[in-house]
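What follows is a single structure, written as structure tokens, with notes after it.
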Amino acid sequence: MRSNRIPILKLLQTAIRRFFGRISVWLATKFFTLLLTIFGSILYRKKMSHNNGIAATGSIRFVDNPEFPLHPFFVPGKTMPCRIRHGAASFMDDAMRVVRSMAVKMADSRFKSPMDLEMNTGETALFWSIASFFRFAKYKKTRFGVQYEEYYRRYPAGVQGAKVGMRRNPTSFSNLKYYSQTPLLYKAEDQVLRYAKYRSVPAEPIPETGLLDEYDLILPSENQRILPGETRSRNYLKEEYEERVREAPVRYKLQIQLHEASDDDDPEVFNCCRAWDEASHPWMDLAEITINKTLDWAESTRMIFSMKNLPKGLGILPSYSIYDYNSLNYLRKHSDLARFARVWTIWLLGMPPEIPDNDVRNC
Amino acid sequence: MNTTEKKRETQFQLTQLCAECTEKTKISHRPKRSFFHPRLKNFNRVEVHRSRTHGGFFQQIALFCIELYEATGRRYHILNRLVFPRRDKIYGKPNPHHVITGYLTFGTRKKEADSPVFNMHIELWARTYWGAYRKLNEAKSDRNGAFRIPYDLFYVQRLYIAKVWLAVYQTGHEHFHSNGQHSPEYKEFKRIKISKGDLVGIEYSCKQIQLSYWEYRQDTPIPRVVIRHHDRHAPDSYTPGYNEAIEKQFVPIELVKLRHIAMIRLNQGLTQQRIVEDYPENLTVCMEKVVPGITRSDDWFGRRMMNGMYACDFDRDPRNPQLYWVHHHWSSYDKTLHHYAMPDVDMWFTLKEDGLPLPVKITLTGPLTKNESDPKQKRTFTPEDGEKWLAAKRICRVSAALHAELAHHFSGTHLNIEQYAIACFRNLRLNPISGLLKSFLRSVVLLNHTADRILVGNGYITSACALTPKGINQLIYKVMGTLDWRGFKPMQPISEAHTAAKAGNLFWKIVWDFVEGYIDQPDNRAAILEHWFELYCFSEDLVNKSVPAFLCNYLQHALLEGNGKLKENTDWYQRGHRMDLTGERPMVDGIPKAVSRITTKQDGHAVTESDIDLLKQACTYMIYQATFGHTWSNSKQYDDIGEVLYCSLGLRFGNGPDGVLGPETDYSIAPDLTRSTQMMWWSNLLSRTGYGFIIANEDGDVPPDLQNRLESHRSQFEELGLDIDIIQSRITI
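Have a look at this one:
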């Protein structure tokens, strides 16, 4: 017969471990942010990544009949101004094989907004915690369009994430699917604890482009170089997007996937390298985004997307160590210093130059 | 007294004297190294000319310091184990979602890099800042060599964990419990350090881990193992007891050789007689002292050819079935005939009443003097030829000795067993056959590594006979091509007096019963079937790396039909201990291989009794060759090549008009003084290991069951003139 006594010692142990874990997460985040502020934002006026991108404005309208327990923020039928920014990770060349991104700000401003979302192509990520992100940063070693060789050698999950997330020469930013990957809190009006993942897909059902073909799947993940004989320009994707928006509004669907929390949940639920089963966790429409104007390079560069911009009940999940899957969002949320430092440095020293349309490739 | 009675009396005298002298010259393992003698670190320091001993005061001090350092190291490890025991307990709660993965392959870089190492025991260890060991988990590599070790991420990342590593262990089954059973013993083979910071969860991949583990050499067609450095990077090692025994036995013999070499250099009148006298007395010297000329008699010649070190293959002459025929063929091998004679030898024997052979005719084919050049010139001698007959017998003894040394001893046991040893150590780990075989297959690769330098290649044999290194390799290659376990049985006795064959058959039966008992034991049988895949890979390695099958032209015509089937009426040829010509040879890339497959089945469920029988046969063969087969050809060298003028490994043409057919008193025919003392040194060295016997079981790795079975047949072996105490438990020299 099992004892009914409360395992006080175990609880105490857990509490102490969590306490020190939280301190380690806080320290790691501050340390990383400081480094990034000095060596990224101040010295080079660069973003953490995804420097190569284009921003645009438009509006977002929440669906009229949501199929999921409603959060007070998602008022059915409500329309809000919004901004988005499409980007490409690490390299300043649209023709390279890279992860593409989409960030959504539910306000027409540079920073302030009730809700920001950051999403990347691929349902799973290349890293899964602060610790793994630090390894990712440590083993970057970029050279002639090749990077993270050592990281991919050591971490097969990273290779998997790269294969799933990288896109080669998509025809447009608008026909890609973007995923938030790491789950966020979702506390609806019914007060039941849930976890949520978001994604953005084209409003019309069109096939996604840029998916890696057989050739690219064989190619080592670290090799992100343009294809031999590539004729597309370094900015072809941004130019295409500008052209497309000029011709007609571009529309996206923002969707949500929910998981109801339970005491016996496997921590793997939070693992951003694992997709939730779509049969038990269907994607449901949340809102429709309509983009009707692109922003210039200067405006795009001055924008800040932050995970601090989340409504109550839709925030990040707590993390208790740097190995915790949720620590990744903690890092994202608490590294705003680097973002503001970049904007302040731009204000002081001027705008970094636009990406030139020259023959300097793979950089 | 009539002639028959006289003969009987002579025979009795010979037998009596042989028994007395055998007892008198029995190796007592004396003299032994004294305190003031030079030191010898291990067997690999032995050299034909001047072994790398440490004689000088400072050298001995230095060696003492090295040994002290090594002993301190060993004691440190023992102390370390006591203070920081490696408990067999898994720390933390391994999480299946956080794993360390990788795959093990043989070889380095591209060589054999696709060959997986399966069933390898792998452990994940950590050490705390205060030195304690923490076992995090363990696993085995699968059939593809891949492994997956779950670990507790949060335990690994505790602040007090200082370092983490992955340890790959080789599995041994060498020491038996008192009940005759044994359990696997793991010895760390390779350590892969993992940065603690790199363990961040999900999957950490060690990718391909290449193990330089019992690698096959690529520079020879014979299956040999890679030994990069004998003392540091060898796949095997001698036991400390072995090195000690070798040093004690060997140093006094080495000193005699060194004295002779110094005398030769200073021209101090050293003679062949003096050389023989300086070494411990052997059987023939002892007998000659009592009855001069007795060891040069026809009776003695026949007796030793049948039951001595030579243990020749007595086939009936197909042209005259009344006679037995022994042939040594040297003309196919690369030779230099500048100094040494090396004719092909044909000997014919008749059987006496007592069952011992008597030589009746000898034919020598090839040059016998310096001036001759015709390699096909034949000369036949009979007992009526007086001095020439004596000389012809001497050539036959030398030929038989060299044949025994190269074909029976070096190729038939050393190299033959090495191919089984490599395949066994590469593939057998969890299968109980590993426990059955490994103790018998130990150390042979190290000995062969040393023999490459001092015996074959540019070693002693090249300098002591007409064979070139290339010729030796040709011979070894061809002999290896005739060796197979399938259908093997020891030579069948041709008479009651054929004690070599009778002892061989008795020992074979003992080993067979032991192997059968071991394999049929229900627990062993179940585990054998469970891990049958190891045997399949063992068999595949054996066959794939084995040399091509070889049958000489003469035997192809004499024994086989045009379609390769065995002819009828080939009873004249002893087939039991030779390659099975009735079955088909296994083919690899279209080449028929010498060694047969033990099994073609990968899975234990498909195994039948006939597969098990083949396994028993193969195991019996390996144990037999590593023990009795080697003992016979090795330990009797002292008796049969321990007197330079009686027998050596090569004879020179000499300066006389009759060339090599000159009398023994013509020292220009015998090996020169340097070769003579080296010859004596060899015969003493090879017969004087004094370590590694089945009965003595110095290392405690002989199965008790085999010991008991052998002990119960002691008297039968004694009747056959074999002391079971000298049967080695593995190839020790």
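Residue numbers (the numbering used here), protein chains in the order written: chain A, 197 to 559; chain B, 794 to 1526. Here a beta-carbon is modelled for each residue, glycine too, at the ideal position from N, C-alpha and C.
Asked                                                                                                                                                                                                          : Found
Can you name, in chain order, every residue of its own chain whose Cβ lies under 8 Å from the Cβ of phenylalanine 332 of chain A, other than the five neighbours on each side?                                 : Leu322, Phe323, Tyr344, Tyr347 and Gly354
Where isoleucine 1215 of chain B and valine 1018 of chain B are concerned, what is the direct C-alpha to C-alpha distance, given to the nearest angstrom?                                                      : 7 Å
Where does lysine 819 of chain B fall in DSSP's three states?                                                                                                                                                  : coil
Check the Cβ-Cβ distances between cysteine 468 of chain A and every residue of chain B, and say whether any is below 8 Å.                                                                                      : no
Counting only beta-carbon atoms, is phenylalanine 947 of chain B nearer than 8 Å to chain A?                                                                                                                   : yes
Could you check whether the region 947–959 of chain B touches the region 984–1000 of chain B, counting it as contact only if at least three pairs of C-beta atoms, one from each stretch, sit closer than 8 Å? : yes
Anything in the region 987–1014 of chain B with a Cβ closer than 9 Å to a Cβ of chain A? List those residues in chain order, please.                                                                           : Gly990, Asp991, Leu992, Val993, Gly994, Ile995, Glu996, Tyr997, Ser998, Cys999 and Lys1000
Between proline 1341 of chain B and proline 1286 of chain B, is the Cβ-Cβ spacing less than 8 Å?                                                                                                               : no
What are the boundary residues of the beta strand (DSSP E) that cysteine 278 of chain A is part of?                                                                                                            : 275–284
When burial is assigned at 16 or more other CB atoms within 10 Å of the CB, is histidine 1242 of chain B buried or exposed?                                                                                    : buried
Are the beta-carbon atoms of isoleucine 1002 of chain B and glycine 895 of chain B separated by less than 8 Å?                                                                                                 : yes
At a Cβ cut of 7 Å, what residues of the region 346–359 of chain A count as close to chain B, listed as they run along the chain?                                                                              : Arg349, Arg350, Tyr351, Pro352 and Ala353
What separation, rounded to the nearest whole angstrom, lies between the Cα atoms of serine 1124 of chain B and aspartate 1110 of chain B?                                                                     : 21 Å
Residue range of the beta strand (DSSP E) that glycine 1297 of chain B falls in?                                                                                                                               : First-last for glycine 1297 of chain B: 1292–1313, but that is the alpha helix (DSSP H), not the beta strand (DSSP E).
Measure the CB-CB distance between glycine 1518 of chain B and phenylalanine 1486 of chain B and report whether it falls below 8 Å.                                                                            : In the sequence as displayed, the identity of residue 1518 of chain B is aspartate instead of glycine. Closer than 8 Å, so yes.
Between B/Ser1441, B/Leu1438, B/Asp1459 and B/Leu1442, which lies nearest to asparagine 1448 of chain B when the distance is taken from Cα to Cα?                                                              : B/Asp1459
Measuring only between beta-carbons, confirm whether glutamine 950 of chain B sits less than 8 Å from chain A.                                                                                                 : yes
So that I know if they touch, is there some Cβ in chain B lying closer than 8 Å to that of alanine 211 of chain A?                                                                                             : no
Assign glycine 924 of chain B to buried or exposed, taking buried as 16 or more other Cβ atoms, counted over all protein chains shown, within 10 Å of its Cβ.                                                  : exposed
Determine the closest residue to alanine 299 of chain A out of A/Asp289, A/Met292, A/Met315 and A/Arg293, with distance taken between C-alpha atoms.                                                           : A/Met315
Would you mind telling me which residues of chain B sit closer than 7 Å to arginine 331 of chain A, beta carbon to beta carbon, in chain order?                                                                : Asp991 and Val993
So leucine 381 of chain A packs on leucine 482 of chain A, CB below 8 Å; how close in whole Å?                                                                                                                 : The Cβ separation is near 15 Å, so there is no contact.
How many Å lie between arginine 1269 of chain B and valine 1069 of chain B at the Cα?                                                                                                                          : Sequence inspection shows isoleucine at residue 1269 of chain B; the arginine mentioned does not correspond to that position. In a straight line, the C-alpha of isoleucine 1269 of chain B is about 30 Å away from that of valine 1069 of chain B.
Residues of chain B with CB under 8 Å from glutamate 400 of chain A, in chain order?                                                                                                                           : Simply none; closest approach about 36 Å.
What are the residues that DSSP puts in a beta bridge with threonine 964 of chain B?                                                                                                                           : B/Tyr979
Any Cβ of chain B within less than 8 Å of the Cβ of glutamate 464 of chain A?                                                                                                                                  : yes
According to DSSP, simplified to helix, strand and coil, what is serine 1476 of chain B?                                                                                                                       : helix
Counting Cβ pairs, one atom from each stretch, are 3 or more of them under 8 Å apart for the region 1107–1122 of chain B and the region 1362–1369 of chain B?                                                  : yes
Of the residues B/Ile893, B/Leu897 and B/Tyr922, which one's Cα is nearest the Cα of glutamate 931 of chain B?                                                                                                 : B/Ile893
Can you tell me the Cα-Cα spacing of glutamate 1037 of chain B and proline 1045 of chain B, whole angstroms?                                                                                                   : 14 Å
Is tryptophan 324 of chain A close to chain B? Criterion is C-beta to C-beta, closer than 8 Å.                                                                                                                 : yes
For serine 429 of chain A and isoleucine 551 of chain A, what's the separation of their Cα atoms in angstroms?                                                                                                 : 11 Å
Do you know offhand how far aspartate 1433 of chain B's Cα is from methionine 1102 of chain B's?                                                                                                               : 6 Å
Going by C-alpha to C-alpha distance, which of B/Ser1461, B/Phe829 and B/Glu1361 sits closest to leucine 1048 of chain B?                                                                                      : B/Phe829
First and last residue of the alpha helix (DSSP H) that includes glutamine 1509 of chain B?                                                                                                                    : 1507–1512
According to the Cβ coordinates, are alanine 534 of chain A and threonine 229 of chain A closer than 8 Å?                                                                                                      : yes
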